[in-house]
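Shown next, in the form of structure tokens:
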């Protein structure tokens, strides 16, 4: 990968408010506006959506729009036509809050993810280690499912097979995919919305739908990769310095979509 990209900037997205990144289609559960999903059905944020959020933000905070478009892609109608020199990875569901009963402590929720997502995370970290000093660490080398673990209750599900990892200070319960799927689905928020006729104060015909959100405190992991291009290299450091919070997905007018960007300290900044 180091023959194509010269640098990588890994980061965690922490949901400050509920986040809705729509998939544009319905799913079997009956949600009209579902959250984006990966090939196994777990919530994710597609790279294209993430890139669009960064680009929209940067066009507002950086006066040199040419520099932003040089790195993140020109648009229809621009004089220049050139592929972007900065690429993003699909954001993995690092951890989602789940209601917790277990060790007698006063905490009422913990982070949960799936084994297959952890495997993807390890693959990401292995690839990124070629162009940054982020490493797989213990999160990938020493984490195995403990079949004799102390039983816990997560989102009303009784769980005995799990492991725990700590990634960038966050403790995360890693569950087998099948039980993880059920628990994660319970953590996702399905909000019903209505459209009101202002004259009659009643719901308009067809004005009832359901939207799906990742709850506040949910963690996603991603990274952006930079080709060896001088303007894009300059832009990448501006992104690192300027982007601490981001509007991700839709519904920002009703207070949704605010995410904190937590840059992973081991990224090479030199």
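Residue numbers (my numbering): 978 to 1247. Where is the CB? At the ideal position from N, CA and C, for every residue including glycine.
Practice task
Report the option in 1217, 1030, 1159 and 1141 whose CA atom is closest to the CA atom of residue 1068.
Solution key: 1030
Practice task
Give a yes or no on contact between the stretch 1135–1153 and the stretch 1081–1088, applying the rule of three or more CB pairs nearer than 8 Å.
Solution key: yes
Problem - For residue 984, the first and last residue of its enclosing beta strand (DSSP E) - result: 984–992
Practice task
Kindly indicate which three-state DSSP category residue 1166 falls into: helix, strand or coil?
Solution key: In this structure, DSSP gives residue 1166 an extended state, which the three-state scheme calls strand.
Exercise for the section: Quick one: measure Cβ to Cβ for residue 958 and residue 1168, integer angstroms, because I've assumed they're closer than 8 Å. Expected result: The question about residue 958 has no answer here: the residues shown for the chain are numbered 978 through 1247.
Problem - 8 Å Cβ cutoff met for residue 1227 and residue 1007 - result: no
Exercise for the section: Please go through the same chain and pick out, in chain order, the residues whose beta-carbon is closer than 8 Å to the beta-carbon of residue 1071, but skip the five residues on each side of it. Expected result: 989, 1088, 1090, 1094, 1098, 1144, 1147, 1149, 1196, 1197 and 1198
Practice task
Please say whether residue 1062 and residue 1046 have beta carbons closer to each other than 8 Å?
Solution key: No, they are not a contact pair.
Problem - Coarse secondary structure for residue 1044, derived from DSSP in three states - result: helix
Problem - Residue span of the beta strand (DSSP E) that contains residue 1103, given as start and end - result: Note, residue 1103: premise wrong, no beta strand (DSSP E); alpha helix (DSSP H) at 1092–1105.
Handout entry: Contact set for residue 1042: own chain, Cβ-Cβ below 8 Å, skip 5 residues either direction
Key = Closer than 8 Å at Cβ, skipping near neighbours: 1036.
Problem - Extent of the continuous beta strand (DSSP E) to which residue 1074 belongs - result: 1069–1078
Problem - Cβ-Cβ separation, residue 983 to residue 958 (assumed contact under 8 Å), whole Å - result: The structure shown does not extend to residue 958, since the chain is modelled only from 978 to 1247, so the question has no answer here.
Handout entry: Close beta carbons around residue 1235, own chain, < 6 Å, minus the five adjacent residues each side
Key = So the list reads 993 and 994, once near-sequence residues are dropped.
Exercise for the section: Name the one or two DSSP bridge partners that residue 1199 has. Expected result: 988
Practice task
Identify, in the order they occur along the chain, each residue of the same chain with its Cβ nearer than 7 Å to the Cβ of residue 1021, setting aside the five sequence neighbours on each side.
Solution key: 1013, 1014, 1015, 1067, 1068, 1069 and 1070
Practice task
Please state if the CB of residue 997 and the CB of residue 1233 are separated by a distance shorter than 8 Å.
Solution key: yes
Problem - C-alpha distance - residue 1220 paired with residue 1107, whole-angstrom precision - result: 24 Å
Exercise for the section: Taking the CB atoms as reference points, tell me whether residue 1200 and residue 1026 lie closer together than 8 Å. Expected result: no
Handout entry: Opposing strand residues paired with residue 1147 [DSSP bridges]
Key = Looking at the DSSP assignment, residue 1147 forms a beta bridge with 1144.
Exercise for the section: Quick one: using the 10 Å Cβ neighbour count with 16 as the cut-off for buried, is residue 1038 buried or exposed? Expected result: exposed
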